[in-house]
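Student: The structure follows.
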Amino acid sequence: MAKLPKNVGMNTLLAHAGHDPQDFHGFVNPPVVHASTVLFPNVETMQSRKQRYTYGTRGTPTTDALASAVDALEGSAGTVCVPSGLAAVTIPLLAFLSTGDHLLCVDSVYHPTRRFADTVLKRMGIETTYYPPEAGEKIAEYMQPNTKVVWTESPGSNTFEIQDIPAISEVAHRQDAIVIMDNTWATPLYFRPLDFGVDVSVHAATKYPGGHSDVLLGLVSANERCWEQLHETFIWMGCIAGPDDVYQVQRGLKTMGVRLAHHQESALKIARWCEEQNGISAVLHPALESHPDHDLWKRDFSGSSGLFSIVLDGGGPSDGAAFLDALQIFGLGYSWGGHESLAVLVSLSDRIVTRSDYGGPVIRLQIGLEDVDDLIEDLRRGLDAAAAAR
Ligand SMILES: Cc1ncc(COP(=O)(O)O)c(C=O)c1O
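Its first residue numbered 1, the sequence shown is counted upward by one per residue in UniProt numbering.
Next up, the structure:
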């Protein structure tokens, strides 16, 4: 870990945390170590494992550089690097749940998280209950004696509800349940989960840390209480990320602060423009004063990123398709957090206890790094096409 003065700002951390150049001949960036075998000097060292690195699945100078940078950002005791954001979801669930346990999961969760709970966890004899994102301290009504994990994601996927994380953590901890948060939207720059009572922070580093739509990676960061168990499960599962992907993400971190500030500013400008348009009935962005959870967002978050949704004013999926097919700059594709803008038609058919009917097609926008005026012109093309399709 690079030595830094105490209490430096986030951009200073991004630029310097992680790799200490003096650990590798003064080179500014960490080496990309491709490794399975690590040699030991003698049998005694091999048997006692008294050596920093012992095998590729247990970490390398490359994974350590990224993990220690993320620990500095998250305030965590330890971080593991896994091959995708989805693996960053499934590994902590497997680490902290056993047969007969109960999982409480927010209903506005990223769909593949739900799919994992409803298939693999169910098969293992772990029951899941979905609770509404606005539960806050009322989460107590959903807790069961065997609730071992409370899964949170804030804002919620696609509809951007903000959860009262401190209230939920307080209730969960009364019976020692572990609170896990998917913090991909805010990144530790705009929300530090562990400061708000969360035990394990999950990140799809594929998004803003990677930043260029060319790498898949997940990060899981735990507090002291949870680190050993998380780390052990990660090792037993052999689920380490590849060195080139880890390097790409630690490289991406260096510019994440400036990229995120740009995503934030452009997304807010576009969200405010969308609020004024006739063909749009609602804009789901928690940093807008019109958002029902705006006050909660303002209390806990220090910024907003580039992902939000709009609701077209009436119509069905074919109006949504007309809007999307008319776009020339926004690409039609999954994921987000990269340099380029994307749009998708959202399906809320998996929701159980959360609102799923918004009175018109819900379209999720990822605002990239292009010029705002060009993106607005593109959205105008989409709105004209949706109006013409009526
Ligand atoms: C909130 C959230 N968490 C996790 C993931 C999974 O990330 P990955 O695509 O790297 O598996 C995604 C991907 O879209 C996501 O939106």
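Beta carbons: idealized from backbone N, C-alpha and C, even for Gly.
Can you name the start and end residues of the beta strand (DSSP E) that residue 297 belongs to?
Tutor: From DSSP, residue 297 is part of no beta strand (DSSP E) but of the alpha helix (DSSP H) over 294-300.
Student: Can you tell me whether residue 290 is buried or exposed, with buried defined as 16 or more other CB within 10 angstroms of its CB?
Tutor: Looking at its Cβ environment, which holds fewer than 16 other Cβ atoms inside 10 Å, residue 290 is exposed.
Student: Enumerate in chain order the residues of its own chain whose CB-to-CB distance from residue 273 is below 7 Å, with the five nearest sequence positions on each side excluded.
Tutor: The residues are 376.
Student: State the Cα-Cα distance for the pair residue 80 and residue 65, rounded to the nearest angstrom.
Tutor: Distance between the alpha carbons of residue 80 and residue 65 is about 11 Å.
Student: For the region 187-198 and the region 226-235, state whether three or more C-beta atom pairs, one from each stretch, are separated by less than 8 Å.
Tutor: The answer is no - the region 226-235 does not touch the region 187-198, with fewer than three Cβ pairs under 8 Å.
Student: Can you check which of these residues, 32, 314 and 91, is closest to residue 59 by C-alpha distance?
Tutor: Ranking 32, 314 and 91 by Cα distance to residue 59 puts 32 first.
Student: Within the continuous beta strand (DSSP E) that includes residue 364, where are the two ends?
Tutor: Per DSSP, residue 364 belongs to the beta strand (DSSP E) from 362-366.
Student: According to DSSP, is residue 182 helix, strand or coil?
Tutor: Here residue 182 sits in strand by DSSP.
Student: If you check the beta carbons only, do residue 395 and residue 372 fall under 8 Å apart?
Tutor: One cannot answer for residue 395 here, as it falls past the ends of the chain, which runs 1 to 390.
Student: Shorter than 7 Å, the distance from the beta carbon of residue 306 to the closest heavy atom of ligand 2, or not?
Tutor: Of the ligands this structure carries, namely ligand 1, none is ligand 2.
Student: Figure out for me which residue from 8, 74, 61 and 53 has the closest Cα to the Cα of residue 24.
Tutor: The candidate whose alpha carbon is nearest that of residue 24 is 61.
Student: What whole-angstrom Cβ distance do residue 399 and residue 82 have, given they're in contact under 8 Å?
Tutor: Look at the range of the chain in this structure, 1 to 390, and you will see that residue 399 is not part of it.
Student: Can you list, in chain order, the residues of its chain with a C-beta nearer than 7 Å to that of residue 178? Leave out the 5 residues immediately preceding and following it.
Tutor: Within the same chain, residue 178 has close Cβ partners 96, 148, 149, 199, 200 and 226.
Student: Does ligand 1 have a heavy atom nearer than 7 Å to the CB of residue 213?
Tutor: No; taking the cut-off as 7 Å, the Cβ of residue 213 has no heavy atom of ligand 1 nearer than that.
Student: Cβ-heavy atom distance between residue 204 and ligand 1 below 7 Å?
Tutor: Checking the Cβ of residue 204 against ligand 1 gives yes.
Student: Mind checking whether the beta-carbon of residue 100 lies closer than 7 Å to any heavy atom of ligand 1?
Tutor: The answer is no for residue 100.
Student: Which residues bound the alpha helix (DSSP H) around residue 104?
Tutor: Here residue 104 belongs to no alpha helix (DSSP H); instead the beta strand (DSSP E) covers 102-106.
Student: Is residue 89 close to ligand 1? I mean its beta-carbon at under 7 Å from any heavy atom of the ligand.
Tutor: Because some heavy atom of ligand 1 lies under 7 Å away, the Cβ of residue 89 counts as near it: yes.
Student: For residue 321, which three-state DSSP category applies?
Tutor: If DSSP states are grouped into helix, strand and coil, residue 321 belongs with the helices.
Student: Would a C-beta distance cut-off of 8 Å place residue 342 and residue 330 closer than the cut-off?
Tutor: In this structure, residue 330 lies closer than 8 Å to residue 342 by Cβ.
Student: My understanding is that residue 267 touches residue 304, with C-beta atoms under 8 Å, so please give their C-beta distance in whole angstroms.
Tutor: Indeed, because the Cβ distance is near 7 Å, the residues count as touching under 8 Å.
Student: Could you name the residues of the same chain whose beta carbon sits closer than 8 Å to that of residue 78, not counting the 5 residues immediately before and after it, in chain order?
Tutor: Closer than 8 Å at Cβ, skipping near neighbours: 67, 71, 221, 222, 227, 230 and 231.
Student: Can you have a look at residue 27 and say buried or exposed, based on whether 16 or more other CB atoms are within 10 angstroms of its CB?
Tutor: Exposed: under 16 other Cβ atoms inside 10 Å.
Student: The beta strand (DSSP E) that contains residue 334, what's its start and end?
Tutor: Premise fails: residue 334 is in no beta strand (DSSP E) and is neither H nor E.
Student: Look at the alpha carbon of residue 184 and the alpha carbon of residue 203, and state the distance between them as a whole number of angstroms.
Tutor: Roughly 5 Å between the two C-alpha positions.
Student: If you measure from the CB of residue 84, is any heavy atom of ligand 1 nearer than 7 Å?
Tutor: Checking the Cβ of residue 84 against ligand 1 gives yes.
Student: Going straight from the alpha carbon of residue 46 to that of residue 53, what length do you get?
Tutor: Computed Cα separation, rounded: 11 Å.
Student: Since I believe residue 36 is in contact with residue 56 (beta carbons under 8 Å), could you give me their beta-carbon distance rounded to a whole number of angstroms?
Tutor: Contact flag correct, Cβ pair sits at about 4 Å.
Student: If we count Cβ pairs, one from each stretch, closer than 8 Å, do we get three or more for the region 129-148 versus the region 107-115?
Tutor: The region 129-148 is in contact with the region 107-115.
Student: Nearest to residue 388 by alpha carbon, out of 142, 320 and 197?
Tutor: Checking every option, the nearest Cα to that of residue 388 belongs to 320.
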